[in-house]
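**Q**
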Amino acid sequence: MSDPYFFGYGSLVNRLTHAYPDAAKARVKGWRRAWQGTRLREVAFLTAVPDSRSEIAGLIAAVPGADWAALDERERAYARHPVVPFGHGKPVEPMVQIYAVEPTHADIGEHPILLSYLDTVIQGYLAEFGEAGAVGFFNTTTGWHLPIHDDRDDPIYPRATVLSAEERAFVDENLRRVR
36 MSDPYFFGYG SLVNRLTHAY PDAAKARVKG WRRAWQGTRL REVAFLTAVP
86 DSRSEIAGLI AAVPGADWAA LDERERAYAR HPVVPFGHGK PVEPMVQIYA
136 VEPTHADIGE HPILLSYLDT VIQGYLAEFG EAGAVGFFNT TTGWHLPIHD
186 DRDDPIYPRA TVLSAEERAF VDENLRRVR
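So the sequence shown is numbered by the working numbering: it starts at 36 and just counts up by one.
1. Going straight from the alpha carbon of A195 to that of I133, what length do you get?
2. Which residue from G178, L153, N174 puts its Cα closest to that of P190?
3. In angstroms with no decimal places, state the Cα-to-Cα distance between P99 and H123.
4. Give me the Cα-Cα distance between T176 and W66, rounded to the nearest whole angstrom.
5. Would you report the Cα separation of Q158 and Y192, rounded to the nearest angstrom?
6. Return yes when the Cβ of A83 is within less than 7 angstroms of the Cβ of Y44, no when it is not.
7. For S222, which of K64, D207, P120 has the nearest alpha-carbon?
8. How should L74 be labelled, buried or exposed, when 16 other C-beta atoms within 10 angstroms of its C-beta is the threshold for buried?
9. Between F42 and P138, which are expected to be in contact by the criterion C-beta below 8 angstroms, what is the C-beta distance as a whole number of angstroms?
10. Which residues in the same chain have their Cβ closer than 6 angstroms to the Cβ of F172, if we skip the five residues on either side of it in sequence?
11. As a quick exercise: from Y55, N49, A169, L81, pick the residue whose alpha carbon is nearest that of V197.
12. Would L210 and D186 qualify as a contact pair, given that the criterion is a beta-carbon distance under 7 angstroms?
13. Taking Cβ to Cβ, would you say D136 is nearer than 7 angstroms to A112?
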């Protein structure tokens, strides 16, 4: 039996935030990305939302031995859902799961988006998909009306990465464009 895979569409696209093997770019249909407030914390989560008209670019990676415990702990506000990725270049169709915020946790309050979280996500998209793919992230994600909390100088996001001046400028420019 082969290892299952996760489909990452946020910080899991940034390989600096994890060490899961056999990672590859992929896409899934029937989902879109959104910033979502929850009752679980004061800041927004990035989530996947079922949407038959949408697709998401992201990264798949193996979960060795189907040991989901560490990843489930990292993604504890989310539930796993099976998806069928495409464009991944794997010789055999892997069993893949996507994480999405549980609807029972959703909250429509003004939960801010952590800039350190967004920076980490976009750094991953720039590395995997280039500027066009990172622009695509901004264009296909909803929830940009939420406030932004600039925590770059003292990151709250636990897996925050260090961006170059060019990467920061790219995030700032595209954030202005979508807001």
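Even glycine gets a Cβ: it sits at the ideal position worked out from N, Cα and C.
**A** Short version:
1. Numbered from its first residue, the sequence shown carries residue 195 at position 160. Numbered from its first residue, the sequence shown carries residue 133 at position 98. Computed Cα separation, rounded: 21 angstroms.
2. Taking the first residue of the sequence shown as 1, we reach residue 190 at position 155. Ranking G178, L153, N174 by CA distance to the CA of P190 puts L153 first.
3. Your numbering for residue 99 matches position 64 in the sequence shown. Your numbering for residue 123 matches position 88 in the sequence shown. Cα to Cα, P99 sits roughly 18 angstroms from H123.
4. Within the sequence shown, residue 176 is the residue found at index 141, counting from 1. Within the sequence shown, residue 66 is the residue found at index 31, counting from 1. Roughly 11 angstroms between the two C-alpha positions.
5. Counted from its first residue, the sequence shown places residue 158 at position 123. Counted from its first residue, the sequence shown places residue 192 at position 157. Using only the alpha carbons, I get a separation of about 14 angstroms.
6. Residue 44 sits at position 9 when you count from the first residue of the sequence shown. Residue 83 sits at position 48 when you count from the first residue of the sequence shown. A83 sits close to Y44, with the two beta carbons spaced by under 7 angstroms.
7. Examination of residue 222 is not possible in this model, given that the chain is present from 36 through 214 alone.
8. Stepping through the sequence shown from its first residue, residue 74 is reached at position 39. Residue identity check: residue 74 is Arg in the sequence provided, not Leu. Residue environment for R74: exposed (fewer than 16 other C-beta atoms within 10 angstroms of its C-beta).
9. Numbered from its first residue, the sequence shown carries residue 42 at position 7. Numbered from its first residue, the sequence shown carries residue 138 at position 103. With a beta-carbon spacing of about 19 angstroms, F42 and P138 fall beyond the 8 angstroms limit used to define contacts.
10. The residue you call residue 172 lines up with position 137 of the sequence shown. So the list reads Y160, once near-sequence residues are dropped.
11. The count along the sequence shown starts at 1 and reaches residue 197 at position 162. Here the closest residue by C-alpha is N49.
12. One-based indexing of the sequence shown puts residue 210 at position 175. One-based indexing of the sequence shown puts residue 186 at position 151. No, the pair does not count as a contact, with Cβ atoms beyond the cut-off.
13. The sequence position of residue 136 within the sequence shown is 101, counting from 1. The sequence position of residue 112 within the sequence shown is 77, counting from 1. Residue identity differs from the one stated: residue 136 is Val in this sequence, not Asp. For V136 and A112, yes; Cβs fall inside 7 angstroms.
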